[in-house]
Every structure is written in structure tokens, then in C-alpha cells.
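Take any residue in the sequence shown, note its place counting from 1, add 135, and you have its number in my numbering.
Glycine included, every Cβ here is placed at the ideal spot set by N, Cα and C.
Working notes, beginning with the structure itself.
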Amino acid sequence: MNKPILAFFSALSFLLISPMSVSAKINNYYGLKTGMSKDAATKYLCVDQLAAKNKKEFSALYSDKSIDSLINMLFNEGIFQSDIEKNCSGTDLIDKQFLQVYLDFTSDNILWKITLSYQKPADVLQAIALKQALDQYFAGHKVVEESVTDKYGTRTYFIASIVDDKISAGEINKQKSIFLKKL
């Protein structure tokens, strides 16, 4: 077989096989997208409304906190899906099964990581099915099992993280440059 024909069939087989063997990593979860600004994420999840509601309802606890600090606290400590459902009708996250969502931003307030927690079902077969569904949906991303023990007992969760490798690498390089200047 001559070289041009061999090259053609090699290229053709690569094109036919590659899309099936490489799964594309998702960078969003129902409208919540890595790369969006902190302000856009705040508006999409109605976190500003939730922070204002918490400040009003729990005034003794949050009297010394600003709305911005409460927003940051919610992003760091997690926003319950039920709170999103109650306070934010304009999002595609309503009726999704996750328990909490956590968001991580770069120093320039760009979303680089979305972490979702899911309650592990007590039924073994349901737990296996949920884990397999999460692995399939979040293909290429990390899905782990974590247990938390407190005064109420032990609960187990599946944690799925969507990480934007390009944004996180850029932030790492930026922070590394800052550290190198200080060494």
C-alpha cells in the first residue's frame, strides 16, 4: 500500500475512533458555568437575596456582617438546593437532586470550580445507581464519597466537582508569580 493511501486511512480511522473514546468534560451545571463572574453567579443563584433574607431573619447572628461577607460565606459554606428553590424562580437548578452547591472563584472573581454534594441513599442499589449516574454525567471530573460525623450521627455524600483546568492553571501561575516575587 502506498504512503498517501495509508496516511488517508490512518487519518480516517483516527477521526472515526477519537470522538467515541474521548469524553468531553462539562464546564457547567444547568446554567452555572465556570468562567462566569462572581456577580453573574450571585445573580443566577439569587445569593444576594438569600444573604439579605438571612441577615434579616438571623439579625442577632449576622448583625455585624455585610451582605457581601454573607454572600462570600454562602459560596464557601455551600448553598442548599432547597434555598435556591425557595428564593430563586429564574434558575434551571430548581428540581435538581443535589443537596448543596459550593463555588470557588479566582482572585479576579472568576468561577473556576463548582462542587455539588448529593446525599448517598441508604438503599445499596440506589447508592450504586446514583454513583454510576454521577460518574456518567460528570465524566472526566472527580466524583468522591465522603462521610461526615457530628452530634447528629454519620451522613455520607457523593461530591462531584467541575473544575475548569484552564482557569485554575491561569490562577496558579498568577499566584506562583506573586509568591516568586516575594521569595
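Cα separation between residue i and residue j?
{"i": "K168", "j": "V236", "result": "13 Å"}
{"i": "L246", "j": "Y165", "result": "15 Å"}
{"i": "S303", "j": "Q271", "result": "23 Å"}
{"i": "D227", "j": "D285", "result": "32 Å"}
{"i": "Y287", "j": "A264", "result": "26 Å"}
{"i": "E192", "j": "L209", "result": "15 Å"}
Under 8 Å by Cβ, that's how I've got residue i and residue j pegged, so tell me the actual separation to the nearest angstrom.
{"i": "N222", "j": "Q184", "result": "5 Å"}
{"i": "G275", "j": "K160", "result": "4 Å"}
Smallest Cα separation from residue i: which of the options?
{"i": "M171", "options": "D243, N207, D218, L251", "result": "D243"}
{"i": "I214", "options": "T250, I202, Y272", "result": "T250"}
{"i": "N113", "options": "L238, A295, I206, E306", "result": "The requested residue 113 does not occur in the structure, where the chain is confined to residues 136 to 318."}
{"i": "N296", "options": "A264, S198, Y253", "result": "According to the sequence shown, residue 296 is Ser rather than Asn. Among A264, S198, Y253, the Cα nearest to that of S296 belongs to Y253."}
{"i": "K178", "options": "S201, S224, D199, F233", "result": "S224"}
{"i": "T289", "options": "K248, S201, P256, I219", "result": "P256"}
In the structure shown, what three-state DSSP assignment does residue i receive?
{"i": "K168", "result": "strand"}
{"i": "S217", "result": "helix"}
{"i": "I297", "result": "strand"}
{"i": "N163", "result": "strand"}
- Which full runs of the alpha helix (DSSP H) of 4+ residues lie inside the stretch 226 to 294, going along the chain? 259 to 272
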